[in-house]
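See structure below.
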């Protein structure tokens, strides 16, 4: 099944998983039965896109869904920019129904200096960094505090080599921003949690955070190049959500469960399941 970048959410007694575009739907949806049978719904959760998204090459990917209240759901997504689809930024959309249809907000949510020339793209959150942004994931802490974790897409700036970031390595930091109960209004500046290191290869991406039973935090992310067998899921831990995070060894590598190039881990709000 072609269902990249799965994001899981439980609503009532049902589980829903959202996935990257498949050439037909911008955002796919499935209602897994016991996580053994995956039936993709014949609908697009995000059929209409805002004007900042490139209509010819939308490249919508990496969705994530949060429930704000009983009748409000928020979808984060990444998409190619209308002026230049080589660069991506993060958008947000809302719906009164978990499966949509989701209505996109007019401006990008997060869009730091996409082509690295200092141009300002008007967005709801204006963090530092260059190359645009992708892979937003929402997190609600035990006290109700809400955050977004995401990647600054520095390797989109084209330094060539491995992962388009091998010759002149650009930062690809994983960022954390505290947001209001609406999951889009920033409460303070975004902060860097981690950046790529020699152990990770040229980029790191696809972050997600979960709170562990002992009150510490686990940050999952992918490292190395997504087109190579070295691509893997690794993790880091911290005693506070803002870090500092200590890197641990890879969690999922090529060969585990007979698979190649594992990408991303999403964890349900109650800690299970993990996909």
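Numbering (the working numbering), first residue to last: 353 to 627. Beta carbons are placed, not taken as given, at the ideal position from N, Cα and C, and that holds for glycine.
- Message: Quick check: residue 588 and residue 574, are their CB atoms within less than 8 Å of each other?
- Response: Here residue 588 is taken as the residue at index 236 of the chain shown, counted from 1. Here residue 574 is taken as the residue at index 222 of the chain shown, counted from 1. The Cβ atoms of residue 588 and residue 574 do not sit closer than 8 Å to each other.
- Query: So what's residue 372 in DSSP terms, helix, strand or just coil?
  - Reply: The count along the chain shown starts at 1 and reaches residue 372 at position 20. Three-state DSSP puts residue 372 in coil, outside helix and strand.
- Within the segment 390-452, note down every full alpha helix (DSSP H) run reaching 4 residues or more, in order along the chain. You should have found no qualifying run.
- Query: Do the segment 399-413 and the segment 451-461 meet, that is, are 3 or more Cβ pairs less than 8 Å apart?
  - Reply: With a cut-off of 8 Å, the segment 451-461 and the segment 399-413 count as touching, because enough Cβ pairs lie within range.
- Item | Straight-line Cα distance separating residue 511 from residue 421 | Residue mapping note: residue 421 aligns to position 69 of the chain shown, counting from 1. Residue mapping note: residue 511 aligns to position 159 of the chain shown, counting from 1. Cα-Cα distance, rounded: 43 Å.
- Query: CA-CA distance, residue 612 and residue 586?
  - Reply: To locate residue 612, count along the chain shown from 1; it is residue 260. To locate residue 586, count along the chain shown from 1; it is residue 234. In this prediction, residue 612 has a pLDDT of 45, which is less than 50 and means its spatial position is unreliable; nothing more can be read from the coordinates.
- Task: Less than 8 Å between the CB atoms is what I'm expecting for residue 410 and residue 378, so what's the real figure, rounded?
- Result: Numbered from 1 along the chain shown, position 58 holds the residue referred to as residue 410. Numbered from 1 along the chain shown, position 26 holds the residue referred to as residue 378. Beta-carbon to beta-carbon, residue 410 and residue 378 are separated by about 6 Å, close enough to satisfy the 8 Å threshold.
- Item | Where residue 614 falls, given that 16 or more other Cβ within 10 Å makes a residue buried | Translated into the one-based positions of the chain shown, residue 614 becomes position 262. Confidence at residue 614 is low in this model, with a pLDDT of 47, below 50, so the placement of that residue should be treated as unreliable; the coordinate-derived value is given next. Per the 10 Å Cβ criterion, buried.
- Assigned secondary structure, residue 546 (DSSP; H/G/I helix, E/B strand, else coil): Mapped onto the chain shown, residue 546 falls at position 194. It is a strand residue.
- Query: Which residues in the same chain have their Cβ closer than 6 Å to the Cβ of residue 607, if we skip the five residues on either side of it in sequence?
  - Reply: Counting from 1 along the chain shown, the entry for residue 607 is found at position 255. For residue 607, the predicted structure reports a pLDDT of 49, less than 50, and the residue's modelled location is therefore unreliable. The matter cannot be settled from this model.
- For residue 506, three-class secondary structure by DSSP: Locating residue 506 in the chain shown gives position 154, where the first residue counts as 1. In this structure, residue 506 counts as helix in the three-state DSSP scheme.
- Message: Comparing C-alpha positions only, which one of 462, 521, 446 and 497 sits nearest to residue 503?
- Response: Mapped onto the chain shown, residue 503 falls at position 151. For residue 503, the nearest C-alpha among the options comes from 462.
- Task: Give me the Cα-Cα distance between residue 364 and residue 384, rounded to the nearest whole angstrom.
- Result: The sequence position of residue 364 within the chain shown is 12, counting from 1. The sequence position of residue 384 within the chain shown is 32, counting from 1. Rounded to the nearest angstrom, the two C-alpha atoms are 14 Å apart.
- Message: Considering Cα atoms alone, identify which of 413, 497 and 445 is closest to residue 532.
- Response: Position 180 of the chain shown holds residue 532. When each option's Cα is compared against that of residue 532, the closest is 497.
- Where does residue 540 sit, in a helix, a strand or coil, going by DSSP? The sequence position of residue 540 within the chain shown is 188, counting from 1. Taken through DSSP and simplified to helix, strand or coil, residue 540 comes out as coil.
- Item | Pick from 481, 527, 388 and 492 that is closest to residue 506, judged by C-alpha positions | As a working mapping, residue 506 is identified with position 154 in the chain shown. For residue 506, the closest alpha carbon among the candidates 481, 527, 388 and 492 is that of 481.
- Query: Alpha carbon to alpha carbon, what distance is there between residue 542 and residue 483?
  - Reply: Numbered from its first residue, the chain shown carries residue 483 at position 131. Numbered from its first residue, the chain shown carries residue 542 at position 190. Cα to Cα, the separation comes out at about 16 Å.
- Can you give the Cα-Cα distance for residue 599 and residue 571, rounded to whole angstroms? Numbered from 1 along the chain shown, position 247 holds the residue referred to as residue 599. Numbered from 1 along the chain shown, position 219 holds the residue referred to as residue 571. Taking the straight line joining both Cα atoms gives about 9 Å.
- State the DSSP-derived secondary structure class of residue 461, mapped to helix, strand or coil. On the chain shown, residue 461 is found 109 positions in, with the first residue counted as 1. Looking at residue 461 - three-state DSSP - the assignment turns out to be coil, as it is neither helix nor strand.
- Message: So, with DSSP's three-state summary, where would you put residue 521?
- Response: Start at 1 with the first residue of the chain shown, and residue 521 comes out as number 169. Looking at residue 521 - three-state DSSP - the assignment turns out to be coil, as it is neither helix nor strand.
- Nearest residue (CA-CA) to residue 407, options 395, 427, 417 and 437: One-based indexing of the chain shown puts residue 407 at position 55. Considering only alpha carbons, the answer is 437.
- DSSP three-state call for residue 597: helix, strand or coil? If you number the chain shown from 1, residue 597 lands on position 245. Assignment of residue 597 by DSSP, reduced to helix, strand and coil, places it in the coil class.
- Query: From this set, 423, 428, 390 and 527, which residue's C-alpha is nearest residue 413's C-alpha?
  - Reply: Counting from 1 along the chain shown, the entry for residue 413 is found at position 61. For residue 413, the nearest C-alpha among the options comes from 428.
- Item | Whether residue 464 touches residue 439 by CB criterion (8 Å) | On the chain shown, residue 464 is found 112 positions in, with the first residue counted as 1. On the chain shown, residue 439 is found 87 positions in, with the first residue counted as 1. Against a cut-off of 8 Å, the Cβ pair of residue 439 and residue 464 comes out as no contact.
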